[in-house]
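Novice:
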Amino acid sequence: MIAIMTVTGRDHTGIIAAVSTACADLSINIRNVSQTIMDEWFTMILHVELPDDLDVAAVDERMALVEDEQKLVITIQSQAIFDAMHHI
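Residue numbering for the sequence shown follows the working numbering, beginning at 91 and increasing consecutively.
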């Protein structure tokens, strides 16, 4: 499944490392990434590909650990749902 993951929080060292390590642990392929710092805030959008045997609930569970450790907000949703929500 192709999905969109968003990451936001106060900027600090290790955010990209923590998120990308969690993705690698789940065999998630990061197809594209965009990140920026706005004042003190870190924002990142990842276009990811999940293995066929991995569901969003499992990703949410793993990313919840990263959220707690890094003090972030991480969301993930199917690209199909993301596209439908943003289609005029």
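C-beta atoms are modelled at their ideal positions from N, C-alpha and C, and glycine is treated no differently.
Fair warning: this is a prediction, and the values are worked out from it, not measured in the lab.
At 3 residues or longer, and completely inside the stretch 150 to 176: list those beta strand (DSSP E) runs for me, N to C.
Specialist: Entirely contained in the stretch 150 to 176, the beta strand (DSSP E) runs reaching 3 residues are, in chain order, 162 to 168.
Novice: Around the Cβ of residue 163, are there at least 16 other Cβ atoms within 10 angstroms (buried) or fewer (exposed)?
Specialist: A residue is called buried once 16 or more other Cβ atoms fall within 10 Å of its Cβ, and residue 163, having fewer, is exposed.
Novice: DSSP state of residue 111, grouped into three classes?
Specialist: helix
Novice: Which residue comes first and which comes last in the beta strand (DSSP E) that contains residue 124?
Specialist: 119 to 128
Novice: Using the Cβ count rule (16 or more neighbours within 10 Å means buried), how would you classify residue 128?
Specialist: exposed
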